Structures are given as C-alpha cells and as structure tokens.
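In our numbering, the protein residues as written are 34 to 189.
All C-beta atoms in this analysis are idealised placements derived from N, C-alpha and C, irrespective of residue type, glycine included.
Bear in mind the structure is a predicted one, so any value in this text is a computation, not a measurement.
Contents: one structure, followed by commentary.
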C-alpha cells in the first residue's frame, strides 16, 4: 500500500490500523507547527492560545472550570494546573472560586488576554483557512465528519 511508504512504515507488514492513528499524529504535527509559527510572533504557544480560546468562546462571561478546560486541551490535568498558574502569573487569566461549589475554580480571561486574542485572531484564522485549503471543500467536510465520529467513539 502506498500509504505505508508515505508515512514511512514497512509496506511488507500489513497493519491497516496503524495508518489512521499514525497519519493523524503526523498531520497534527504539521498543523501544530504551522499555527505555532504564527503564534510565536505574539510570544504565545499553541497550548496557551488554545486555553485562551476555550475560555473566551466556551466560558464566556461566567468563566469555565479547570476541569472543562483540561477536557478540551491536549495536556494532562496536572499539567493544565501548572499551565494555568503560569498564565495567571503572566496576567492572561484570572481564577475565581465557584459561587456555590468551592471545590471548583472558574477561569476567565483578563482584559490583556482578550485584547491579545482580538489582535491575533484574523491572522490565526487565515493560517487555519490556508491549512484547510489543502483539501477540497468536499474533503474538508468528510474529514470533519470522520474526526467527529472517531472522537465520539473514543470518548465512550
């Protein structure tokens, strides 16, 4: 199979289950590198940007819990706590205790973070559009369906 050679795998060993898993990892690495290159000019890592975007667009004015953030990013729960500590020290986020559940910390973006997101968003969107444009619209829709389906199945 051509895919084996393309991904640098041994074509003599038939292991079709490896192609989608390894392929997704390699595609992610390339996408991540392209986005990181853009965000670097704002002294922002992909993971920090991801956290800020999650807070901004899913937390809204009320904020979002650290647990919910950790479900949506690609780092472990202990790593997210350290990351949030650093981001708070940088003045990007603020953590607040939940009004009714003191075990829960809510996280909100600071004004500094909101201004940063506004400043970089259009360029970020152009980078993402450019990456997606490597696929036709039909391929983009098929990939979106496939990834969503796979994600849901892995969740359960």
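When you compare only the Cα positions, how much space is there between residue i and residue j?
i, j, result
"residue 23", "residue 98", "As shown, the chain starts at 34 and ends at 189. That puts residue 23 outside it, with no answer to give."
"residue 145", "residue 95", "17 Å"
"residue 170", "residue 113", "34 Å"
"residue 157", "residue 137", "31 Å"
"residue 49", "residue 183", "16 Å"
"residue 115", "residue 35", "43 Å"
Taking all protein chains shown into account, do 16 or more other C-beta atoms lie within 10 angstroms of the C-beta of residue i, making it buried, or fewer, making it exposed?
i, result
"residue 103", "buried"
"residue 81", "buried"
"residue 79", "buried"
Quick one: residues in its chain with C-beta nearer than 7 Å to the C-beta of residue i, no 5 flanking neighbours on either side, listed in chain order?
i, result
"residue 40", "52, 55, 56 and 59"
"residue 121", "127 and 128"
"residue 160", "67, 68 and 71"
Need the endpoints of the beta strand (DSSP E) that residue i sits in, please.
i, result
"residue 127", "126-130"
"residue 141", "138-142"
Might you give, ordered along the chain, the residues of its own chain that have their beta carbon closer than 8 Å to the beta carbon of residue i, omitting 5 neighbours on each side?
i, result
"residue 117", "84, 99, 102, 126, 128 and 140"
"residue 173", "165"
Give the C-beta separation of residue i and residue j to the nearest angstrom, bearing in mind that I take them to be a contact with Cβ-Cβ under 8 Å.
i, j, result
"residue 74", "residue 142", "So it is not a contact: roughly 20 Å between Cβ atoms."
"residue 86", "residue 150", "7 Å"
What are the start and end residues of the alpha helix (DSSP H) that includes residue i?
i, result
"residue 173", "170-188"
"residue 61", "51-73"
"residue 85", "79-87"
"residue 101", "99-105"
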